[in-house]
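**Student:**
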Amino acid sequence: VSRFEGITMAPPDPILGVSEAFKADTNELKLNLGVGAYRTEDLQPYVLNVVKKAENLMLERGENKEYLPIEGLAAFNKVTAELLFGADNPVIQQQRVATIQGLSGTGSLRIAAALIERYFPGSKVLISSPTWGNHKNIFNDASVPWFEYRYYDPKTVGLDFSGMIEDIKAAPEGSFILLHGCAHNPTGIDPTPEQWEKIADVIQEKNHIPFFDVAYQGFASGSLDEDASSVRLFAARGMELLVAQSYSKNLGLYGERIGAINVLCSSADAATRVKSQLKRLARPMYSNPPIHGARIVANVVGIPELFSEWKEEMEMMAGRIKSVRQKLYDSLSRKDKSGKDWSFILKQIGMFSFTGLNKVKSENMSNKWHVYMTKDGRISLAGLSAAKCEYLADAIIDSYY
Ligand SMILES: Cc1ncc(COP(=O)(O)O)c(CN[C@@](C)(CC(=O)O)C(=O)O)c1O
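The opening residue of the sequence shown carries number 108 in the working numbering; numbering runs sequentially from there.
#1: Per DSSP, what kind of secondary structure is residue 521 in: helix, strand or coil?
#2: Within a Cβ cutoff of 8 Å, which residues of the same chain sit near residue 504, ignoring the five residues on either side of it in sequence?
#3: Would you say the beta carbon of residue 259 comes nearer than 7 Å to a heavy atom of ligand 1?
#4: Between residue 294 and ligand 1, is there a pair consisting of the residue's CB and a ligand heavy atom that are separated by less than 7 Å?
#5: Just to confirm the assignment, what range does the alpha helix (DSSP H) spanning residue 190 have?
#6: What number of angstroms, rounded off, separates the C-alpha of residue 153 from the C-alpha of residue 198?
#7: Tell me whether the region 313 to 327 and the region 449 to 461 touch, counting them as touching only if at least three CB pairs, one residue from each stretch, are closer than 8 Å.
#8: Please determine if the region 230 to 245 and the region 398 to 407 are in contact, where contact requires at least 3 C-beta pairs separated by less than 8 Å.
#9: Tell me which residue opens and which closes the beta strand (DSSP E) that residue 206 is part of.
#10: My guess is that residue 537 and residue 360 are in contact by the Cβ rule of under 8 Å, so how many angstroms apart are they, rounded?
#11: Start and end of the beta strand (DSSP E) containing residue 352?
#12: Please give me, in chain order, every unbroken run of the alpha helix (DSSP H) with length at least 4 that falls completely inside the region 293 to 330.
#13: If you measure from the CB of residue 253, is any heavy atom of ligand 1 nearer than 7 Å?
#14: Using only alpha-carbon positions, find the residue among 283, 257, 278 and 311 that is nearest to residue 298.
#15: What do you reckon, is the C-beta of residue 359 under 7 Å from a heavy atom of ligand 1?
#16: From which residue to which residue does the alpha helix (DSSP H) around residue 256 run?
#17: Hey, how far is the Cα of residue 270 from the Cα of residue 142?
#18: In terms of alpha-carbon separation, which member of 472, 180 and 205 lies closest to residue 376?
#19: Considering only the alpha carbon of each residue, which of 212, 177, 196 and 189 lies closest to residue 509?
#20: Residue 243: which of 303, 311, 216 and 161 sits nearest, CA to CA?
#21: Taking 7 Å as the cut-off, does the CB of residue 142 come closer than this to any heavy atom belonging to ligand 1?
#22: Would the region 335 to 347 and the region 310 to 323 be scored as touching if the rule is three or more Cβ pairs under 8 Å?
#23: Indicate whether the contact test is met: 3 or more Cβ pairs, each with one atom in the region 243 to 254 and one in the region 214 to 228, closer than 8 Å.
#24: Using only the alpha-carbon positions, how far apart do residue 315 and residue 417 sit?
#25: Under 8 Å: do the region 385 to 403 and the region 166 to 180 share three or more Cβ pairs, one atom per stretch?
#26: Is residue 399 near ligand 1, in the sense that its beta carbon is under 7 Å from a heavy atom of that ligand?
#27: Please specify which runs of the alpha helix (DSSP H), each continuous and at least 4 residues long, are wholly inside the region 347 to 411, giving them in chain order.
#28: Give the secondary structure of residue 283 by DSSP, where H, G and I count as helix, E and B as strand, and everything else as coil.
#29: Which whole runs of the beta strand (DSSP E) in the region 222 to 278 are 3 residues long or more, in chain order?
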């Protein structure tokens, strides 16, 4: 008797499945605005110059490929925590951050979820509505209960701040609050600095635990420090918190699977003990993380001229996305005679724009216009060239009404 016969077909992933549909489309007008992966003006994937330089260095050194320790490359773990909090942050000097290298952002979120499941049984994680499609999968598979806090307000195409605060306030004491450090996915709507202060207030009042997902540091505004300001604000208040990091977007290391989980504790001793338990969770899951990309990060950050060139390249990538955002807005405003206000597109930050196109309309985008996007109405501006903005504006207007 066959044991696998009974296994049913899984549905395509809401985000990565869009790329599969895009690849299957033979129309040369096709545009992939699904997965959040940076493309150049020629719509080609981009390997940063500093990555190539670091790899040449590494090749010359002829390093071996021995296992990394469970916690990953020490030099990487050092620089990733310093990039996040700032090298001169007291939490770094006081050694209160437990950092281990994770399998990019996803794997780091998953390790954090496993820590929550093991040490905070019954605690819930609050996630924004909407949020990155894979968050629910990660917590479901880690058997961590979650529920949503209001975030996106379709009426204002902005942040439902009062709803967010109300829901965080109403959550059981000691809940984990998952927050996008910058460049909220999928909405592109971030709280203002004043709103971050209020979010920190309510989290402190309720003894909740902030849990940041930082997948776009430096890629959203172009500045590593600016994009980390929400995390640093909470750290400066003396709060314990978790932060998952990813180098997929800001260093273009998508397929190298490089990230980290950081747990800011109240003492160095606690951080040591937390790190030991993070290792115990990682060992049976994947044993130890990939070495190549970790060395790239350690070299890029550790070598001053590479680090400053990286910052220039991040500003270039963020700048290109800002300019196509502007061009798309200009095309839409000029072409749409209905008088609709499209300025929400300019107010959004990072890789994505939340267009307000629903599932049916997004299907019209792909079926009729060969523009591929996620069904929740998100488009990745990273996949858009200035030359294609007119075409995209036509597609959006045709699908919107
Ligand atoms: C908020 C957020 N967290 C974590 C990740 C995980 O990225 P990593 O595992 O590659 O480090 C992504 C990537 N989200 C992408 C860019 C790709 C994806 O869905 O995996 C997206 O299109 O939303 C993300 O947007």
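Cβ coordinates follow ideal geometry from the N, Cα and C atoms, glycine included. Model, not experiment: these values are computed from the prediction.
**Tutor:** Result, derived from the coordinates:
#1: Not covered by the structure: residue 521. The range shown for the chain is 108 to 508.
#2: Position 397 of the sequence shown holds residue 504. Hits under 8 Å: 439, 442 and 443.
#3: The count along the sequence shown starts at 1 and reaches residue 259 at position 152. Answer for residue 259: no, Cβ out of range of ligand 1.
#4: On the sequence shown, residue 294 is found 187 positions in, with the first residue counted as 1. No - ligand 1 has no heavy atom lying nearer than 7 Å to the Cβ of residue 294.
#5: Along the sequence shown, read from residue 1 onward, the residue named residue 190 stands at position 83. Taken as a continuous stretch (DSSP letters only), the alpha helix (DSSP H) holding residue 190 covers 181 to 192.
#6: Taking the first residue of the sequence shown as position 1, residue 153 is located at position 46. Taking the first residue of the sequence shown as position 1, residue 198 is located at position 91. If I take the Cα positions, the gap works out to 34 Å.
#7: Yes: at least three Cβ pairs fall under 8 Å.
#8: Pairwise C-beta distances place the region 230 to 245 out of contact with the region 398 to 407, as fewer than three of them are shorter than 8 Å.
#9: The count along the sequence shown starts at 1 and reaches residue 206 at position 99. Looking at the DSSP string, the run of the beta strand (DSSP E) that includes residue 206 is 204 to 210.
#10: There is no way to answer for residue 537, as the model of the chain reaches only from 108 to 508.
#11: Locating residue 352 in the sequence shown gives position 245, counting from the first residue. Per DSSP, residue 352 belongs to the beta strand (DSSP E) from 348 to 353.
#12: You should have 300 to 312.
#13: The count along the sequence shown starts at 1 and reaches residue 253 at position 146. Residue 253: no, Cβ never under 7 Å from ligand 1.
#14: Position 191 of the sequence shown, counted from the start, is the residue given in the question as residue 298. Selected option, being the one with the closest Cα: 257.
#15: Within the sequence shown, numbered from 1, the residue matching residue 359 stands at position 252. Residue 359: no, Cβ never under 7 Å from ligand 1.
#16: In the sequence shown, counting from the first residue as 1, residue 256 sits at position 149. In the DSSP assignment, residue 256 falls outside any alpha helix (DSSP H) and within the unbroken beta strand (DSSP E) covering 253 to 257.
#17: For the purposes of this step, residue 270 is taken as residue 163 along the sequence shown, with counting starting at 1. For the purposes of this step, residue 142 is taken as residue 35 along the sequence shown, with counting starting at 1. Taking the straight line joining both Cα atoms gives about 29 Å.
#18: Sequence index remark: in the sequence shown, residue 376 carries index 269 (1-based). With distances taken between Cα atoms, residue 376 lies closest to 205.
#19: There is simply no residue 509 to check, as the chain begins at 108 and stops at 508 in what is shown.
#20: The residue you call residue 243 lines up with position 136 of the sequence shown. Closest by alpha carbon: 216.
#21: In the sequence shown, the residue the question calls residue 142 occupies position 35. Yes, ligand 1 has a heavy atom inside 7 Å of this Cβ.
#22: Three or more Cβ pairs drawn from the region 335 to 347 and the region 310 to 323 lie within less than 8 Å of each other, which places the two stretches in contact.
#23: Yes: at least three Cβ pairs fall under 8 Å.
#24: Within the sequence shown, the letter at position 208 stands for residue 315. Within the sequence shown, the letter at position 310 stands for residue 417. If you take the alpha carbons of residue 315 and residue 417, they lie about 35 Å apart.
#25: Yes: the two stretches touch, three or more of their Cβ pairs being nearer than 8 Å.
#26: As a first step, residue 399 must be located in the sequence shown, where it is residue number 292. No; taking the cut-off as 7 Å, the Cβ of residue 399 has no heavy atom of ligand 1 nearer than that.
#27: Here the runs fully enclosed are 375 to 393 and 399 to 409.
#28: By 1-based counting over the sequence shown, the position of residue 283 is 176. Strand at residue 283.
#29: You should have 232 to 236 and 253 to 257.
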